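Line by line, the protein sequences are chains A, B and C.
Each number in my numbering comes from the position in the first sequence (counting from 1) with 602 added on.
Each number in my numbering comes from the position in the second sequence (counting from 1) with 11 added on.
Each number in my numbering comes from the position in the third sequence (counting from 1) with 6 added on.
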Amino acid sequence: MKSTLTTMTLSLTGIALAVGAILGVVHYATEKPIEQAVAKAKDAAMGEILPPFDSYAAGETDSEELTLYTATKDGQQVGYAVDTYSDNGFGGRIGIVAGFDTAGVLTGYRVMSHAETPGLGAKMDEWFRESGTGHDVIGSSAPLKVTKDGGDVDAITGATITSRAFAEAINKAREALPQKR
Amino acid sequence: MLEYLSIIITAIFVNNIVFSQFLGICPFIGVSKNLDSAVGMGLAVTFVMAVATAATWLLQHYVLLPLGLGYVQTIAFILVIAVLVQMLEIIMKKSSPGLYAALGVFLPLITTNCAVLGVAIIVAQKDFAFVHSIVYAVATALGFTLALIVFAGIRMQLDMVDVPRPMRGVPIALVTAGILALAFMGFSGLSL
Amino acid sequence: MSALSTITDGIVKRNPTFVLILGMCPTLGTTSSALTGMSMGLATLAVLLCSNMAISAIRKIVPDAVRIPVFIIVIASFVTVLEMIMQAWLPALYSALGIFIPLIVVNCILLGRAEAFASKNDVLLSACDGIGIGTGFTLALTAIGTVRELLGNGSVFGLQLFDSSFGALVFVLAPGAFIVLGFLIALFNYLRHA
């Protein structure tokens, strides 16, 4: 088609409107499913990382940026889950939920969001809970530190940055736990 | 200041955009046949990346996020980059023909250089502050330039070598890049 | 040019990875395992098919001077739609492929096919071209992913063939990506000219 100012303006306006409409509709259609997918992943994660419980609810914490959940069974507190993160991952923010029992022992964790290298940093979801290895952190009650920084947690091979960020997120979660009084 | 130094060293050597993040591979393979064009491409990318990161950062924080339009990030960023590259080309042609003669041919290629869009998206994901973003973008681009220049130097030597026929051209270049990437992995031991 | 030959051409004669050497970033960045490689290939195939058809459908009403911006907008919107759909129904895969999903926008294969093929041919033929090139890309990425996963981790599609401690981790890491791709292109060259 010949390029005149009129045809160019018309076609660009037309395509912008069409694209805007399509994106708006798809966003509207996927908004709920995206929220549900996030919520479902969270419920599944809670079940995995905490001691057996009936229900969980957002609890109080001194931390301003992290969300803390208190899990209860038969009205008794059985543990805490903390929505934590680190911005120092290889590919940006790593979102983790960490589960603790009432004594502050790490009972489990689940990586909820990350942009780490597939096959490397992305392995953190399994790596740090493979029992019987130098990198099993489940059951720990002290702050985590990778061996390269003088700690005792083996970093993921080839992904020290991810491992450091992981330790940072877990430690941050631990600090957000209610202090024993 | 020390914080920025650490960002710069990390972006250039430890997380080199070509050798460890796999961005900007097309120009890395395509424009690395001789040193002059490698330097030109590197400078053009550095320039565009700095300007594009600044523009997309402002767009993200003052338009998209306040309006709740985060989901159109990809399309908004690529449009800004495309318009920006076009504008730079026009301005450069008018105001500094010398610079245009040196860098002009590389500019159209940069719109589809995934390193530029990649850095803009990474900066948005990591939620960097404005100055931090610019420092990161420039350092990343310098890392790209370094990779391009080193690689061009090697490829000029490679031309004189008798390589088995099916390996000639891109295959041997890729294997060489692999060995360079191996060398760059040595930097990952740097603790900053 | 028949529909069928357009498809097979895309897989062999104009294979985007091994012959045209396009779209190198996702080719290297997402092939650390066979599954991620294949998923990336399929995601690209989906966008390419849609964008080829849409661009071919509007090719007669788009003025020449603004066709590249229009192509970019069309491709970027399909990528954005794909992003939202994956976030909603395939969140695990979406986070595994990470930044390479939005970067489909700047994959030279898409703009290249829009300019070289879809803007000159009818919708059906453009769809075939999209399927052919997309399949060629998917097969290539799956092949690279399979080789890297096997040599680096001892498994194929997660199926453990030998213990991962015998794998050479370097093939999963960045250098292995370059080296495996280099040798696979050489092998493809050799077979094509043999």
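We put the beta carbon where it would ideally sit given N, CA and C, even for glycine.
The model shown is predicted, which means the values in this text are computed figures rather than measured ones.
In the structure shown, A/Thr709 falls within a strand segment according to DSSP collapsed to helix, strand and coil. Assigned with DSSP and collapsed to three states, B/Val127 falls in helix.
Note on geometry: alpha-carbon atoms of B/Val25 and C/Ala9 lie some 48 Å from one another.
Its chain contains Ala55, Val56, Val59, Val96 and Val127 as the residues whose beta carbon lies nearer than 7 Å to that of B/Ile121, once the 5 sequence neighbours on both sides are disregarded; these appear in chain order. Shown here, B/Phe198 sits in a helix according to DSSP, grouped into three states. Taking a beta-carbon distance threshold of 9 Å, C/Met46 does not count as an interface residue toward chain B.
Contact between C/Ile105 and B/Ile133 is confirmed by a C-beta separation of about 7 Å, below the 8 Å threshold. Contact note: C/Thr86 reaches chain B through Tyr82, Val83, Gln84, Thr85 and Ile86, using a C-beta cutoff of 9 Å and chain order. Chain B places a beta carbon closer than 9 Å to that of A/His629, counting this residue as a contact. Residue contact with chain B for A/Gly710: absent (no Cβ-Cβ distance below 9 Å to any residue of chain B).
Annotated three-state conformation of C/Gly158 is helix, per DSSP.
The alpha-carbon separation between C/Gly138 and C/Ile17 amounts to approximately 5 Å. Across the segment 49-67 of chain C, CB contacts with chain A closer than 7 Å involve Lys66 and Ile67, in sequence order along the chain. Comparing C-alpha distances from C/Leu55 to each of C/Ser101, C/Cys134 and C/Phe168 shows the shortest one belongs to C/Cys134. In the DSSP assignment, B/Asn45 falls outside any alpha helix (DSSP H), carrying neither H nor E. Inter-residue distance for C/Ser38 and B/Gln136 is about 23 Å (C-alpha atoms, whole angstroms). Taking the beta carbon of B/Gln97 as reference, no residue of chain A falls within 8 Å; the closest one sits roughly 14 Å away. Among the residues of the segment 726-752 of chain A, none has a Cβ less than 9 Å away from any Cβ of chain C. As a beta-bridge residue in DSSP terms, A/Lys675 pairs with A/Gln678. Nearest in C-alpha terms to B/Ile165, of all of B/Ala188, B/Met52 and B/Leu34, is B/Ala188.
Pairing B/Thr151 with B/Ile19, the inter-Cα distance amounts to about 8 Å. C/Leu26 and C/Phe184 have their C-alpha atoms some 16 Å from each other. Contact of C/Gly104 with chain A is assigned, a C-beta pair being separated by under 9 Å.
Between C/Ala98 and the set A/Phe702, A/Thr609, A/His629 and A/Lys642, the nearest pair of CA atoms involves A/Lys642. In the DSSP secondary-structure assignment, A/Asp703 is bridged to A/Gly681. Burial of C/Gln93 is indicated by the presence of at least 16 other C-beta atoms within 10 angstroms of its C-beta.
The beta carbon of A/Thr615 sits no closer than 9 Å to any beta carbon of chain C. Here DSSP, grouped into helix, strand and coil, assigns B/Val174 to coil. The Cβ-Cβ distance between A/Gly741 and A/Thr704 does not fall below 9 Å. If the five residues before and after C/Thr86 are omitted, its C-beta is found closer than 6 Å to no C-beta atom of its own chain. Using a C-beta cut-off of 8 Å, the segment 73-90 of chain C makes contact with the segment 107-119 of chain C, since at least three inter-stretch Cβ pairs fall below that distance.
Residue ranges of uninterrupted beta strand (DSSP E) with 3 or more members are absent from the segment 714-745 of chain A; none lies entirely inside it. Shown here, C/Leu165 sits in a strand according to DSSP, grouped into three states. Of all residues in the segment 104-136 of chain C, only Ile105, Pro108, Leu109, Val111, Val112, Cys114 and Leu117 come within less than 7 Å of chain B when Cβ atoms are compared, listed by chain position. By the criterion of a C-beta distance shorter than 7 Å, C/Gly47 is surrounded in its chain by Phe143, Thr144, Leu147 and Thr148, once the five residues flanking it on both sides are discounted. Using a Cβ-Cβ cut-off of 9 Å, B/Leu128 counts as an interface residue toward chain C, since at least one Cβ of chain C sits closer than that to its own.
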